[in-house]
Amino acid sequence: MHRLIAVYAVLSGAALLFPQRTAAWPWLALVHGIVALAGFGAPPFGRMGPALAGRWPRASRWLADWYPLLLIPLLYAELPALNLAVHGGAYFDDLVLRWEEVLFGGQPSRTWAVALPWLPLSELLHASYLSYYLLIYVPPVLLYVTARRDAFRAAVFALMLTFFVHYLFFVYFPVQGPRYLFPAPGGPIADGFFYGLAHRLLEVGSSQGAAFPSSHVGVAVAQTWIAWRWLPRVAPVVTALSVGLAVGAVYGGFHYLTDVVVGALFGLLVVVVALRWHGRAA
147 MHRLIAVYAV
157 LSGAALLFPQ
167 RTAAWPWLAL
177 VHGIVALAGF
187 GAPPFGRMGP
197 ALAGRWPRAS
207 RWLADWYPLL
217 LIPLLYAELP
227 ALNLAVHGGA
237 YFDDLVLRWE
247 EVLFGGQPSR
257 TWAVALPWLP
267 LSELLHASYL
277 SYYLLIYVPP
287 VLLYVTARRD
297 AFRAAVFALM
307 LTFFVHYLFF
317 VYFPVQGPRY
327 LFPAPGGPIA
337 DGFFYGLAHR
347 LLEVGSSQGA
357 AFPSSHVGVA
367 VAQTWIAWRW
377 LPRVAPVVTA
387 LSVGLAVGAV
397 YGGFHYLTDV
407 VVGALFGLLV
417 VVVALRWHGR
427 AA
């Protein structure tokens with residue numbers, strides 16, 4: 147896991163070599179450099195881990211298990227600074243919009259809610275979309291509290307690799323998504339509680355350029371696979387939420403349908419490869 151994070155720090159941090167980087171780029175580069183050196187075990191970091199484990203064994207084990215998941219919000223928050231450095235505020239939405247026309251004969255992110263403006267359906271889909279945050283953390287928590295530590299570590303490795311693959315696309319192929327280009331779906335669905343909550347959360351916490359492929363869907367698919375492998379009792383719920391999330395991402399105008407399809411394919415491919423890779427390395 148440490149090496150995986152180090153590799154991502156190098157690959158994503160390379161964006162800071164581009165000329166349109168933020169004025170704060172030296173600090174970002176420093177952080178990426180420290181993370182990379184620590185992940186690869188370079189001096190003095192290679193000696194710090196064993197020293198901390200010897201002094202605070204329980205705390206160091208807990209931190210080693212959980213710090214990757216705690217990094218997710220920070221890594222997501224830096225994405226706009228990285229993709230702006232590479233492309234200077236240019237996005238590839240025009241290309242994805244053309245893909246939508248060719249593949250689906252229109253713009254589903256603009257038409258699904260108009261065709262089905264039913265408040266109960268909208269609320270179900272928006273609530274499913276918001277379940278993304280539960281889908282990230284609940285399966286690992288369940289594995290951890292039931293003391294299945296090998297399964298926990300394999301699941302976290304697969305989850306982080308899924309995030310990293312998507313995040314590298316967000317850095318080097320940024321797409322804003324329909325919510326930045328078009329008005330939000332209106333009509334009776336706009337009165338819904340979960341509709342309003344989803345839009346408020348995105349206004350506060352979304353990172354521009356992080357639409358293609360959909361990490362929401364990619365992560366949901368990966369967690370669904372993990373749930374069926376190790377958490378069969380909750381797997382049907384995870385599956386239902388993941389399907390609702392994928393449909394809701396388009397219905398709510400948050401993602402293009404292309405984002406969702408490619409995100410699902412990436413999530414499935416990455417989780418299968420990651421679990422096999424982790425199993426051989428274990």
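Count along the sequence shown from 1, then add 146; that gives the number in this note's numbering. Don't be surprised by glycine CBs; every beta carbon is placed ideally from N, CA and C.
- If you check the CB distance, His401 and Ala410 do not come in under 8 Å.
- Looking at Val181, Ala259, Ala161, Leu305, the one whose alpha-carbon comes closest to that of Ile151 is Val181.
- Assigned with DSSP and collapsed to three states, Ala392 falls in helix.
- For Tyr283, the CB contacts under 7 Å within the same chain, skipping 5 residues up- and downstream, are Leu215 in chain order.
- Assigned with DSSP and collapsed to three states, Val417 falls in helix.
- Comparing alpha-carbon positions, the option among Arg149, Asp296, Ala160 lying closest to Leu183 turns out to be Arg149.
- Annotation: the stretch 343-390 contains no complete segment of the beta strand (DSSP E) (minimum length 3 residues).
- Judged by beta-carbon spacing, Gly364 lies beyond the 8 Å limit of Gly323, meaning their Cβ atoms are not closer than that value.
- Within its own chain, the residues whose Cβ lies closer than 7 Å to the Cβ of Gln166, once the five positions on either side in sequence are excluded, are Leu230, Ala231, Gly234, listed in chain order.
- A buried status is given to Arg299, since no fewer than 16 other beta-carbon atoms sit within 10 Å of its beta-carbon.
- Taking a 10 Å sphere around the C-beta of Arg325, we find 16 or more other C-beta atoms and assign the residue as buried.
- In this structure Pro329 does not touch Phe238 by the C-beta definition: roughly 21 Å separates them, more than the 8 Å allowed.
- Inter-residue distance for Thr385 and Thr370 is about 6 Å (C-alpha atoms, whole angstroms).
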